[in-house]
Structures are given as structure tokens and as C-alpha cells.
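What follows is a single structure, written as C-alpha cells, with notes after it.
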Amino acid sequence: MVGISWQIILAVIGVVAGFVITDKILNMKGYRGREILRPMELEELCSHLMTKYLVSVAAIAGDKKIVEGVDDYEIDEIRTLMRSMGSEEILLVSGSDYRYAMRGNGIFIYIKGKFVSLEDFAKVWKLVKSSIAGVGV
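Per my numbering, the sequence shown starts with residue 55, numbered consecutively.
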């Protein structure tokens, strides 16, 4: 009985060590997918969000307007809601449906889509924030 318990402990240690070593190798080889946060133009940001995250996007900056998969009614509705609340950002969550809007520096962005968790949405939020920081109107 004592011999079997040592075998179980060694097997568990071996599996954990295997996962740790594999994780380090994947990091060294660069197979771990990390977002490179950088300033993007509005067109590039919208196309990136639509292709990678499969969301509907509307971006308005001055006279430039990019709308993909969003009605003008939805845009007016969310802008009115933000104006009435006096907010610069708003996030509406209903199950897995997320609606996010932000305005600042003369730029308005509205994103609508499905996310599995708030952690997945946080990646999009970080990407939008870092991209907009470098965009000028």
C-alpha cells in the first residue's frame, strides 16, 4: 500500500511539472497569443474588432462615420442615454449580450456583441482604450 501512494504522488508531480515546462516552452517560442496594444486609426480598429472578436461596431469622429452591423436608432439611443446620465462610458450587459459605448476627445465608439465572460470583454475594452489614446481627430 505504501508503494502505491508514492507512485501516485510522483505521477501528480510529473504531470504538474510537465504542464509548467510546456507553458514555459510555449512562452519562449512565442506561441502564446498576446495582444500588442498600440494606437490604431478608427478604420483599422473597427475592422480588427469585427474580424477578431466578431462584434458590431460604430465609430464617429468629427465628420468621419464608420458603422458596421449597427442601426442608427441604436446609436442615437445609446448617445441619448449617455447624455442623460452625464457619462463618458457605459456598459450594458444582458446575459452574454454586451453593449459598450464611450466618448471622449471628439470620438464616439459603440460596440455590440456576445462575450462569454467579463474577462473576454476586458480584452476588447483594453484594446479600444489604448487605441483611442493615440487617435487624433
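Glycine included, every Cβ here is placed at the ideal spot set by N, Cα and C.
Checklist entry - Quick one, are the C-beta atoms of alanine 115 and valine 121 less than 8 Å apart? => result Their beta carbons are not under 8 Å apart, which means alanine 115 does not touch valine 121 by this criterion.
Next on the checklist: Please classify valine 74 as buried or exposed, where buried requires at least 16 other C-beta atoms within 10 Å of its C-beta.
Outcome noted: When all chains shown are included, valine 74 counts as exposed.
Checklist entry - isoleucine 161 bridges to which residues according to DSSP? => result Residue pairing by DSSP puts isoleucine 161 in a beta bridge opposite Ala115, Gly158.
Checklist entry - Which residue comes first and which comes last in the beta strand (DSSP E) that contains glutamate 95? => result Counted as a single uninterrupted DSSP element, the stretch harbouring glutamate 95 is not any beta strand (DSSP E), since DSSP gives it neither H nor E.
Checklist entry - Where isoleucine 62 and alanine 71 are concerned, what is the direct C-alpha to C-alpha distance, given to the nearest angstrom? => result Distance between the alpha carbons of isoleucine 62 and alanine 71 is about 14 Å.
Checklist entry - Thinking just about the alpha-carbon of each residue, which of Asp77, Asp117, Tyr107 is nearest to the one in aspartate 174? => result Looking at the Cα atoms, Tyr107 is the closest of the given residues.
Checklist entry - Do alanine 155 and methionine 205 come within 8 Å of each other at the CB atom, strictly closer than that value? => result Outside the displayed range of the chain (55 to 191) lies residue 205, so it cannot be described from this structure.
Item to check | Per-residue DSSP class, three states only, for valine 124 | outcome: Note: valine 124 maps to coil in three-state DSSP.
Next on the checklist: Within the continuous alpha helix (DSSP H) that includes serine 184, where are the two ends?
Outcome noted: For serine 184, the enclosing alpha helix (DSSP H) has its first and last residue at 172-187.
Next on the checklist: Give me, in chain order, the residues of the same chain whose beta-carbon lies closer than 6 Å to that of arginine 153; leave out the 5 immediate sequence neighbours on both sides.
Outcome noted: Leu146, Lys166.
Checklist entry - Can you tell which of Val66, Ile163, Leu103 has its C-alpha closest to the C-alpha of glutamate 128? => result Taking each of Val66, Ile163, Leu103 in turn and checking the Cα distance to glutamate 128, the smallest one comes out for Ile163.
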